[in-house]
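Participant: Count along the sequence shown from 1, then add 326; that gives the number in the working numbering.
Ideal Cβ placement from N, Cα and C applies to all residues, glycine included.
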Amino acid sequence: MRRPPTSRVYVAGTVVLLGIGICAGTVADSGRASRQAVDAKNRPSLIMIPGHEFAAASYVHARLAPDAPRDTHSDRWVAALQEQIKTHYGIASVNINRYSPPLYIVSHDQATVRVRAERAATPDWRFERLQQQWDGVPLPSEFRPSSGSDAEAIIYQPSTGRYWEFWGMERTGRKTANSSGGSVDEWRASWGGRIDDLAASPGYFRTTSEGYKFGATATGLALLGGLITIAEQRRGEINHAIHIAVPQARRSIWSYPAQRTDGEDNDPEAIPEGTTFRIPSAVNLDEIDMDPYAAMLARAAQRYGMVVRDTAGAVVFYAENPLSSGRTDPYFGSGGILQCPDGYAEAACYPDGNNRLRGFPWQLLEAVEAKQEH
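1. With a threshold of 16 other CB atoms inside 10 Å of the CB of Arg488, please say whether the residue is buried or exposed.
2. Touch check for the region 370 to 377 and the region 568 to 575: three-plus C-beta pairs under 8 angstroms?
3. So the candidates are Gln410, Pro427, Ile579; which of them puts its Cα closest to the Cα of Pro594?
4. List the DSSP bridge partners of Asp591.
5. Starting from Lys539 and walking both ways along the alpha helix (DSSP H), at which residues does that stretch end?
6. Once you ignore the five residues that flank Asp355 on each side, which residues in its own chain have a CB closer than 6 angstroms to its CB?
7. In three-state DSSP terms, what is Trp688?
8. If you count every other CB in all the chains shown that lies within 10 Å of the CB of Gly552, and 16 or more means buried, which is it?
9. With distance defined between alpha-carbon atoms, name the residue in Thr398, Val572, Phe540, Gly685 nearest to Met632.
10. Quick one: is Gly659 buried, meaning 16 or more other Cβ sit within 10 Å of its Cβ, or exposed?
11. Work out the CA separation of Arg629 and Tyr644 for me, nearest whole Å.
12. Counting Cβ pairs closer than 8 angstroms, one from the region 395 to 405 and one from the region 617 to 624, do we hit at least three?
13. How is the beta strand (DSSP E) around Leu372 delimited, first residue to last?
14. Going by Cα to Cα distance, which pick from Thr498, Phe380, Arg586 is closest to Glu599?
15. Smallest Cα separation from Arg442: which of His414, Glu512, Ala542, Gly499?
16. Do the CB positions of Thr555 and Ala696 come within less than 8 angstroms of each other?
17. Is the distance from the Cβ of Ser384 to the Cβ of Gly541 below 8 angstroms?
18. Please go through the same chain and pick out, in chain order, the residues whose beta-carbon is closer than 6 angstroms to the beta-carbon of Gln408, but skip the five residues on each side of it.
19. Judging by CA-CA distance, which residue of Ala575, Leu649, Leu456 is the nearest neighbour of Ala640?
20. Put Leu547 into one of helix, strand or coil per three-state DSSP.
21. With a 10 Å radius around its C-beta and 16 neighbouring C-beta atoms as the bar for buried, classify Asn423 as buried or exposed.
22. Do Leu611 and Pro583 have their CB atoms nearer than 8 angstroms?
23. Out of Ala674, His387, Cys675, state which residue places its alpha-carbon closest to the alpha-carbon of Ala526.
24. What do you reckon, are the CB atoms on Gly537 and Trp517 nearer than 8 angstroms?
25. Closer than 6 angstroms by C-beta to Trp490: which residues in its own chain qualify, once you throw out the five before and the five after it? Chain order, please.
26. Please name the residue in Tyr415, Thr438, Thr543, Arg561 whose C-alpha comes closest to that of Ser506.
27. Bridge partners of Val633, per DSSP?
28. Compare the C-alpha of Phe531 against each of Thr448, Arg635, Val404 and name the closest.
29. Do the CB positions of Glu478 and Leu550 come within less than 8 angstroms of each other?
30. In chain order, what residues of the same chain lie with their CB nearer than 6 angstroms to the CB of Arg440, ignoring the 5 residues before and after it?
31. Just to confirm before moving on: does the CB-CB distance between Ile417 and Asn681 stay below 8 angstroms?
32. Report buried or exposed for Asn592, applying the criterion of at least 16 other Cβ atoms within 10 angstroms of its Cβ.
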């Protein structure tokens, strides 16, 4: 692992999205130059940099070539995607408060604690290879996982480049000692993993030589790799691939960059997890009538692609859960990112017909050719 220098630098500026002004800056925590957007009421939120948060050549940061070949199944998969939107609630959305992870960015001196690789439903279950990754997690005192049955969370320590993610996380009801000798709540999780050098990561958990597939997602794609952070939403620009989930995905078959799948559809024409959808580079997005939030997602999909990460009850994008952002919810209320009409407090402001994904050009998508695995 590269050892970083010890300087700390702040360079302030101002950015605006939909009339929201914030203070933005470049923060090097012990030399790991992770850009963070900060305001007076909220804790830092990350703007990823190639070569710091995932390798520059990873699928996360690599721009799609204008002439990247279309998959031969592209038309059928795009039609299937639109049909799944129609069938499941009639609208796509953005997971925010539930089924999307909070992002805890911790300092170099955060006390560490053991998170148990343990499952309440099967008390005798243990997995030492996973437990070894969680024996010293820099868990902040305000930590909480997402609500919903997935109970996901991300811990990222820029000073060491280490990254942890968890699935099925909950308190055990017991107390344990942290590295400072304090008594703290004990946590356990059902699955997840650790990446020791996020700067060199390809954006997914590599399958080990023993065949183990770590990571909290069904595909093994790192949760952070396609997450739309609060800082990016405030800035109005996403410079990396974005993740989506679909209700029906191909069984036993997946496409790079996915490393596995939880798809259950036996139809050979079903969408494999890992599929990358894009808006062709020749499409002029400025000529399409879209909500500014939808346009932000469309630009990311055109440049970097939208990758099928998981299955879900609807077609959804994943945005940073606000649990780690402090007392003020950055999404809703006066000056919130989503600026929903009065009476709406749902992700993307649905079911209002003028929701924040209005105009997203689903019909113009194409699937990029990828190697399928099983």
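Facilitator: According to the data block:
1. buried
2. no
3. Ile579
4. Arg576
5. In the DSSP assignment, Lys539 falls outside any alpha helix (DSSP H) and carries neither an H nor an E.
6. With a pLDDT of only 37 at Asp355, under 50, the local geometry of the prediction cannot be trusted, and no value is derived from it.
7. helix
8. Classification for Gly552: buried.
9. Nearest C-alpha to Met632: Val572.
10. exposed
11. 18 angstroms
12. no
13. 371 to 373
14. Arg586
15. Glu512
16. 8 angstroms or more divides the Cβ of Thr555 from the Cβ of Ala696.
17. no
18. Trp688
19. Ranking Ala575, Leu649, Leu456 by Cα distance to Ala640 puts Ala575 first.
20. strand
21. buried
22. Taking a C-beta distance under 8 angstroms as the contact criterion, Leu611 and Pro583 do not qualify as a contact pair.
23. His387
24. no
25. Val463, Ile481, Arg520
26. Thr438
27. Under DSSP, the beta-bridge partners assigned to Val633 are His569, Thr602.
28. Arg635
29. Between Glu478 and Leu550, the C-beta gap is not smaller than 8 angstroms, which leaves the two residues out of contact.
30. Asp461
31. Yes, the Cβ-Cβ distance between Ile417 and Asn681 is below 8 angstroms.
32. exposed
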